[in-house]
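The opening residue of the sequence shown carries number 47 in our numbering; numbering runs sequentially from there. Note that the Cβ used here is the ideal one computed from N, Cα and C, for glycine as well. Values in this document were obtained by computation on a predicted structure and should not be read as measured data.
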Amino acid sequence: MDNQTSADTRLAYVTTGVLLEKLIAKKDMNDYTHVIIDEVHERDQETDFLLLVARKFLRTNSRGVKIILMSATINVNYFSEYFSTALGDHLEPAPIIEIPGKMKEVREYYIDSLRTLGELPEFNPADPCVAPESLRIAHRLIKVFDKIEATEQNVDVNKERFAPRRGAVLVFLPGYEEISMFTDMLQDDCISLRWTVLPLHSTVTQQEQQSVFLAPPKGHRKIILSTNIAESSITVPDIKYVLDFCLTKCLVCDPETKYSCLKMEWASKANCKQRQGRAGRVSEGRLYRMIPESFYRIHLPDYGIPEMQRCPLELTVLKVKKLALDEPRAILALCLDPPDLGDIERAILVLKEVSALTTVIGDTFYRFDGELTFVGKVMAQLPMDVCISKMILLGFVFGVMEDCIIMAACLSIQSMFSRPFQKLLEAYKSRMAWAEGSFSDCLGMLKAYKVWQDMRMQGAFSRRGGLNEREWASRNFLQYKRLLEIEQLVKEIEMRLSKFNIHTVERPNRAPLNQDEHLVILRIVICGAFYPNYFYQEDIDEAVCCRGLMTDPLCTVILNGIPQNQGILYDHAIRSLLAPCSSRMKIVFEESRAAVEFLQKERRDGILPAVYTAVKMRQLRMPLELSLFRPEDAQEKLERLVKLRGLDGIDGNGGDGERRLKSNRLVVLPSSDPLKTVPLPPASQLTINMYCTHVVNCGHFYARYSDQSYQIIEQHMNEIINHNSGQDLKPLPSPPAPNMLVLAPYRGAYYRARVEDIKDDRFAKVFFLDYGNTENVSVANLRAIDPETHVDVLTTLAQAFECKLAEVRPSAMASGNDQWTRPAQEFFSRIVMGQYLVGRVYSVVDNVVRVHLFVRGGPGQVSVNDELVNRGFADYYEESFLSKKDHQLRERVESYYQSVTSEAVDPRIIETANEVDSSKLDVGALQISSRKAKLHGPFSPLESRLVGMSKLCSLRGVRVDRNSVNSVLLNGEPQNKDPRLLVAATVSQSSTSDHVTLRNTTLMPSVPGLHCLMPLLFAPYCELRVNAERSEYTGALCGLGYEQSTNLPLYPEHDLEVPFTISFTAEDLFLVNKVRMMINVILRSDPGMSVVSWNGAGLANCQERARRCLFDLLGRKREYVEPRLAQRRHLWNQLRKEWRILPIVEGILPDEDNVLPLLDGVSLEPSFSNLRALRKKLQDLHVHASNCRTSTERMLRCPVCDVMSLNPYDLLQHLRTKSHMDKEGQVLQLCEKYSAQAKQALS
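If you want it as structure tokens, here you go:
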């Protein structure tokens, strides 16, 4: 990527990958006189394959080139014999040159010699782990270093506490968890012993990594806790002490699942020798191996397992195919340490799954080989995982390649997001903010990179007084160095793609892509790229979620472990603990539990971000502890609160306060509203007349009653406030504070407002109580409400109330992040503002009126809800449990059979009975007490689990990586029966349990049946399932397919058995095949006919058609059906041959050239309704065929032959074929037969 060579270059420093690419492309080494390969002991895949290629060329066509292998810990004889040269009748090993190093003396010690520091743990060769006893001994050992240095430097310990020169300590630990554990252990002594503890692992920020090389403050000792990253990648010069736990985490391929996993293993002696070399560079050093010496000698292996024998081989197999010398199995058998045959087979199956290799050679399936396709050639050229390369190619198909290249670059290097060691919660919140509600790690990366690029182009980092790039990146939890790497990689990818004539298509004279649709397409492309890593959210019971809750589940978390019936005493303490989540919360105490509802300053749909943050606090194991009152003090304070409440009547029930306090449930609010809202529609009121005063968002607005009495109140209020044009109003006597009632200006007049927030002491964010809008107003322009002259202003109820449309939500296909689109907002504002509205009340929950809204239009009324759905802005949606519960109450009241009785009480009246103002709770200062209570939680009632869709993952537990935006996975729509699909870029096997871990995840749009459609769309092969009567489709088996001779699956672990939860018809199958065909057309393997060779408008038209086909498929309305499991799951070839309908596309692609073969249909048994629909479609086809002006951009499908035609002429020719006319005649005869039978039955 950073090429500085020229024709005059005599010595080039390159990475292993770059050299390998050059040798494979040239197929000899004659461009070089010498090839020097350093650090060959690391034995990564690229190095081993480079050695294989170099040896192959050295023995064939590049005999004059000299190869030098270098390493400090190399097994010289092993490598020397590998590069043996034939001399007469024997092989002569390569010569060995040994160069002695000049190092200071490093004395070696083992844990055996540290018995005086503590009890030694047991060491098991089969169970590599860091024992707590070893950590305690290491902790005490570091303290002993002060005594050693005092002796070495002749320091009088009675006069000086520390020696003047304190050596740095490097501790080798296997992973992040162990580093975190040891850091916590050392923290207590950091101040007293002047320790500077620095973690060093792959996820630390660039700034934290650089601090390792800096000298500590004078008199301090630097202690570096590192993984094996400091073994060879990083050299710290001032290390004097090395503590080696002789452990490492290696990426290995799990033998059962074939997924990669980080497995803890004992380090090899070669690794330990490398670690020893970190000390003794500037002075004499000491090495402490935290294992017994006998254990080191007997059980630690001499060398580690080569990566070629423990990691996935897809990229290596692609390089072998590109080398084109022999089949992969034969070439890789020549490696220094050949990989397992099963690993080669799995790599080839994965390459066939991503269409890099053909499934068959000729007509025969071959497990260990396949022909390299055009897709495979592109993948072999790109320096990244094959699935990431596939994402770029799918992005090219759908015209979003530019963004896909950025996401691919982000996924191909270490994460751009930083996680400072002590700021993990802030890092999570930042990552969620970058994702912008998309719940996609990939889209979050894309957003962060594009914002950085835009700010650079606008010169934002070069402005005087502004932030520079490094500061900006640090504040936004991004790593500046990673951003630069991504920028370089993006250019490299674009350059490599250009060799295949794959470019970002210019769109001259075309409307720009709709950004909301663009995001939808990106998520679908991500889904297609990472097939079959599909998972869905497990259904949760909505009634169970809401059971026992007085709060909205979307805003609520639960804490347990509070002292029994004493929660009110710890109200302020709990608010302090949860302050990182939100400053405003309502807490419902009940026995030893607290339900915390986070209150929104501005209402929004969906789960509040504060809930995600609270659950993340639990995942990060952030301590939530209460300092407890002494029992006698707690009893006294409770009695005092009872007395105060009884006197003040806080509970609104006079002397009933004591009874209320002793009840199990008590609600504590942050502060009560200074002014109540007008009464909302009671259960007996079915409709309301109103007019909209402010639109917050599409479907979300504030309104006022349109009755004349309310209009008189409004007029009276404005006359009082704006008397004498407001000149008599007085400034505020004191600075404004949140929740204060004021008079604020808006468009030349003053109105009642509530202060929401203060910004920089100069501006106040105010909410206008009678209109619902929120504005930023200068503090100097605020006016006070005079209690003498403005009595009515203080006592008149707030006139505006909040409303939302019922039973609709933003269309999943119109928006990329499940939010209302701008056109939807503009349409809604246009249709409701300035209009008298009628609202049919659906429910009233949490002071929000949910309505079916009607406006007058033409002779009748227009339903706003239905109009939004009809225009594609919204989808119909089932209301939440609480909303449905309130609606059922209203239906009972409306019912003719039941009048309003005492049983039909509005639940909101009950909920407010026990409310207490938090600001009026004074429990006094906490007396000194050592008693602590550890709280359990926070938990959300909406937490859900994931279920794998592939055969392998369906049998295992599923966890999401802690760094992902979906590490906290909540189901915001428990009433929705249709599962939500989640896609993972990487799936790895846990080394300690039977779980799989998902990384770089994306939550897909909430489209009904999407988890059924995506496997059909992107699986290499699918076999549809039908019911016993063969009258409808019930599911599909998706995967690589099966062997024709045995019916055995080719790749059973990745097969997906998908039961349909939607009504799937032949029309849906046609739409699926249209999208698959467009992918085939654009990624055609024949270079002469490929769309890749097109330019300009032709390719843009093709991509536009691909997008339109995709939206036709996903935008089609389908009914929910109960899933029906196949009787013989995961078994292929369950359909008779005569039942299959083979798809035919006339005059376009032969089967063998398809990237994704078209799916076979099934001949379903006819019904009368189906026959009538079929007849209507045939009639429409004849109309299209007879009209030469039919658009050629729309493919037409014959429903009886399952043949697709690209233009009216092809369709006309097909309709005239004998086979079609015979089938059409049968349909018409059956239709007449069923019609006659129906008439006879009626007569």
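Rounded separation between residue i and residue j - CA only
i	j	result
Ile-194	Gly-511	50 Å
Asn-606	Leu-715	19 Å
Asp-389	Pro-1098	15 Å
Pro-953	Asp-932	Reliability fails at Pro-953, whose pLDDT of 43 lies under 50, so the model's placement of it is uncertain and the value that follows must be treated cautiously. Computed Cα separation, rounded: 8 Å.
Asp-274	Gly-1055	Here the sequence assigns Asn to residue 274, which means Asp is not the residue at that position. The alpha-carbon atoms of Asn-274 and Gly-1055 are separated by roughly 46 Å.
Ala-118	Asp-84	9 Å
Gly-613	Val-497	45 Å
Asp-617	Leu-843	30 Å
Leu-883	Glu-913	15 Å
Tyr-1365	Phe-1157	Any question about residue 1365 goes unanswered here, given that the chain covers just 47 to 1289.
Arg-896	His-769	37 Å
Ala-196	Lys-980	43 Å
Val-634	Gly-994	37 Å
Ile-548	Phe-442	8 Å
Tyr-305	Thr-1038	14 Å
Tyr-1280	Arg-1218	10 Å
Thr-867	Gly-221	44 Å
Met-116	Glu-254	31 Å
Glu-925	Glu-853	6 Å
Glu-138	Phe-103	18 Å
Boundaries of the alpha helix (DSSP H) in which residue i is found, first to last residue
i	result
His-933	927-940
Met-1250	That residue, Met-1250, is in no alpha helix (DSSP H); its beta strand (DSSP E) goes 1249-1251.
Cys-236	222-236
Val-122	122-128
Val-1042	Here Val-1042 belongs to no alpha helix (DSSP H); instead the beta strand (DSSP E) covers 1041-1049.
Tyr-756	754-767
Beta-carbon separation (whole angstroms), residue i vs residue j, contact threshold 8 Å
i	j	result
Ile-438	Cys-450	5 Å
Pro-369	Ile-70	Going by the sequence as given, residue 369 is Leu instead of Pro. At roughly 5 Å, the Cβ-Cβ gap stays under 8 Å, so Leu-369 and Ile-70 are in contact.
Glu-848	Asn-893	7 Å
Leu-215	Ile-188	Correcting the residue identity first, residue 215 is Val in this sequence and not Leu. Correct: roughly 6 Å between the Cβ atoms.
Tyr-1166	Thr-1080	That belief does not hold up - the Cβ atoms of Tyr-1166 and Thr-1080 are roughly 14 Å apart, past 8 Å.
Leu-899	Leu-851	6 Å
Where the beta strand (DSSP E) containing residue i begins and where it ends
i	result
Tyr-342	No beta strand (DSSP E) holds Tyr-342; the alpha helix (DSSP H) holding it covers 339-345.
Arg-750	746-751
Tyr-17	The structure shown does not extend to residue 17, since the chain spans only 47 to 1289, so no value can be given for it.
Met-879	Premise fails: Met-879 is in no beta strand (DSSP E) and is neither H nor E.
Lys-398	Note, Lys-398: premise wrong, no beta strand (DSSP E); alpha helix (DSSP H) at 387-399.
His-1260	Taken as a continuous stretch (DSSP letters only), His-1260 belongs to no beta strand (DSSP E), being part of the alpha helix (DSSP H) at 1254-1261.
Trp-241	241-246
Asp-807	Note, Asp-807: premise wrong, no beta strand (DSSP E); not H, not E.
His-836	No beta strand (DSSP E) holds His-836; DSSP gives it neither H nor E.
Arg-855	854-856
Ile-142	From DSSP, Ile-142 is part of no beta strand (DSSP E); its letter is neither H nor E.
* In chain order, which continuous runs of the beta strand (DSSP E) of length 3 or greater are located wholly inside the stretch 541-596? -> 580-583
* Asked: Taking three-plus beta-carbon pairs below 8 Å as touching, is the stretch 813-828 in contact with the stretch 513-532?
  -> no
* Hey, is the stretch 500-518 in contact with the stretch 458-476, meaning 3+ C-beta pairs nearer than 8 Å? -> no
* Asked: Are three or more beta carbon pairs between the stretch 389-399 and the stretch 337-344 nearer than 8 Å?
  -> no
* To do: Give a yes or no on contact between the stretch 575-587 and the stretch 1001-1018, applying the rule of three or more CB pairs nearer than 8 Å.
  => yes
* Is there contact between the stretch 1170-1178 and the stretch 1089-1108, where contact requires at least three CB pairs shorter than 8 Å? -> yes
* Determine contact between the stretch 992-1006 and the stretch 1037-1051, defined as no fewer than three beta-carbon pairs at a distance below 8 Å. => yes
* To do: Let me know the beta strand (DSSP E) ranges lying completely inside the stretch 982-1027, each 3 residues or longer, listed in chain order.
  => 982-985, 992-994, 1003-1006
* Would you list, in sequence order, the uninterrupted beta strand (DSSP E) runs of no fewer than 3 residues that lie entirely inside the stretch 260-325? => 267-272, 285-290, 293-299, 306-312
* Using 8 Å as the Cβ pair cut-off and three pairs as the minimum, do the stretch 638-652 and the stretch 664-681 touch? -> no
* Asked: What runs of the alpha helix (DSSP H), each 4 residues or longer, lie entirely inside the stretch 54-132?
  -> 62-72, 91-104, 122-128
* Decide if the stretch 370-378 is in contact with the stretch 406-417; the criterion is three or more beta carbon pairs, one per stretch, under 8 Å apart. => yes
* Asked: Do the stretch 585-598 and the stretch 1179-1190 touch if we need at least three Cβ pairs shorter than 8 Å?
  -> no
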